[in-house]
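Here's the structure, in structure tokens; my notes come after.
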Amino acid sequence: MTLRLGDTAPDFTQDSTQGPISFHDWLGQSWGLLFSHPADFTPVCTTELGRAASLKPEFDKRNVKVIGLSVDSNEDHVAWSKDIAETQGTAPNFPMLADKDRKVAQLYDMIHPEDAGTATVRSVFVIGPDKKIKLTLTYPASTGRNFDEILRVIDSLQLTAHHKLATPADWKPGDDCVITPAVSNEEAAKTFPGYREVKPYLRLTKAPANG
Ligand code: BEZ
Numbered sequence: 245m246t247l248r249l250g251d252t253a254p255d256f257t258q259d260s261t262q263g264p265i266s267f268h269d270w271l272g273q274s275w276g277l278l279f280s281h282p283a284d285f286t287p288v289c290t291t292e293l294g295r296a297a298s299l300k301p302e303f304d305k306r307n308v309k310v311i312g313l314s315v316d317s318n319e320d321h322v323a324w325s326k327d328i329a330e331t332q333g334t335a336p337n338f339p340m341l342a343d344k345d346r347k348v349a350q351l352y353d354m355i356h357p358e359d360a361g362t363a364t365v366r367s368v369f370v371i372g373p374d375k376k377i378k379l380t381l382t383y384p385a386s387t388g389r390n391f392d393e394i395l396r397v398i399d400s401l402q403l404t405a406h407h408k409l410a411t412p413a414d415w416k417p418g419d420d421c422v423i424t425p426a427v428s429n430e431e432a433a434k435t436f437p438g439y440r441e442v443k444p445y446l447r448l449t450k451a452p453a454n455g
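Quick note on the working numbering: the sequence shown kicks off at 245 and runs consecutively.
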């Protein structure tokens, strides 16, 4: 089943390096980042897991719970974590699902149905506190993900969850935001005083101080 933005993230219970996880209960009221990697003990994945672990303070600041997945066993995850700590400076500090039976990989369409192998692609799902899917990204096995971009999208998602704003190309926190078309000029003048009208359909305002 193809998952689309706005769908409820499928719930599941699966074993992990931190014990069995019932996904929706585990998420609670937090945002979630579920990401899969093709296999343990592989080079690109080693760098990705270390990078995700090193960003824990950034995820915590944004109230995002991180969870990894591959179809490997917990024993492999634990053994590989030592290599990640040794080579990347940080061991995974988030649970890694041991999806040996591919239950979660199939629920989230992480393995191409015609692929003879078991390797999951590099899927990314950002899930909101309402359990809805807010972002999907799919990378090939040969390309490591850009975690700065994942954080940037989370910043945009969290901003637009609280304000009638969107974020333009290459936006970064602190940059000007776009006022959404649903906002009338009257409302824009009240809510975003001093906004700039570049075109009637392109109105910019400073980023709200409270993000
Ligand atoms: C890697 O993580 O390095 C990798 C995994 C599967 C295929 C190619 C690369």
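The beta-carbon is built from N, C-alpha and C at its ideal position, and this holds for glycine as well.
Notebook entry, point to check: Would you call the CB atoms of residue 367 and residue 279 closer than 8 angstroms?
Noted result: The sequence position of residue 367 within the sequence shown is 123, counting from 1. The sequence position of residue 279 within the sequence shown is 35, counting from 1. Yes. Within cutoff.
Next item on the list: Tell me, please, whether the region 345–357 touches the region 274–291 by the rule of three or more beta-carbon pairs shorter than 8 angstroms.
Entry: The answer is yes - the region 274–291 touches the region 345–357, with three or more Cβ pairs under 8 angstroms.
Note to self: On the criterion of 16 or more Cβ atoms from any shown chain inside 10 Å, does residue 370 qualify as buried, or is it exposed?
What the structure shows: Within the sequence shown, the letter at position 126 stands for residue 370. Looking at its Cβ environment, which holds 16 or more other Cβ atoms inside 10 Å, residue 370 is buried.
Item checked: Continuous alpha helix (DSSP H) stretch holding residue 400: start and end -> Stepping through the sequence shown from its first residue, residue 400 is reached at position 156. DSSP places residue 400 in the uninterrupted alpha helix (DSSP H) bounded by 391–406.
Item checked: First and last residue of the uninterrupted beta strand (DSSP E) at residue 449 -> Counting from 1 along the sequence shown, the entry for residue 449 is found at position 205. Per DSSP, residue 449 belongs to the beta strand (DSSP E) from 446–449.
Next item on the list: Confirm, please, whether the CB-CB distance from residue 379 to residue 365 is below 8 angstroms.
Entry: The residue given as residue 365 occupies position 121 in the sequence shown. The residue given as residue 379 occupies position 135 in the sequence shown. Their beta carbons are not under 8 angstroms apart, which means residue 365 does not touch residue 379 by this criterion.
Notebook entry, point to check: Taking only runs of the alpha helix (DSSP H) that begin and end inside the region 321–358, which ones reach a length of at least 4 residues, in chain order?
Noted result: The region 321–358 contains these whole alpha helix (DSSP H) runs: 347–351.
Notebook entry, point to check: To the nearest angstrom, how far is it from the Cα of residue 288 to the Cα of residue 383?
Noted result: Looking up residue 288 in the sequence shown gives position 44. Looking up residue 383 in the sequence shown gives position 139. Spanning the two alpha carbons is a distance of roughly 12 angstroms.
Margin query: Need the endpoints of the beta strand (DSSP E) that residue 415 sits in, please.
Written below: The residue given as residue 415 occupies position 171 in the sequence shown. Neither: residue 415 is in no beta strand (DSSP E) and is coded neither H nor E.
Notebook entry, point to check: Does the beta carbon of residue 323 fall short of 7 angstroms from some heavy atom of ligand 1?
Noted result: Taking the first residue of the sequence shown as 1, we reach residue 323 at position 79. No heavy atom of ligand 1 is found nearer than 7 angstroms to the CB of residue 323.
Check: Do residue 363 and ligand 1 come close, with the Cβ less than 7 angstroms from some heavy atom?
Finding: Your numbering for residue 363 matches position 119 in the sequence shown. Result yes, Cβ under 7 angstroms from ligand 1.
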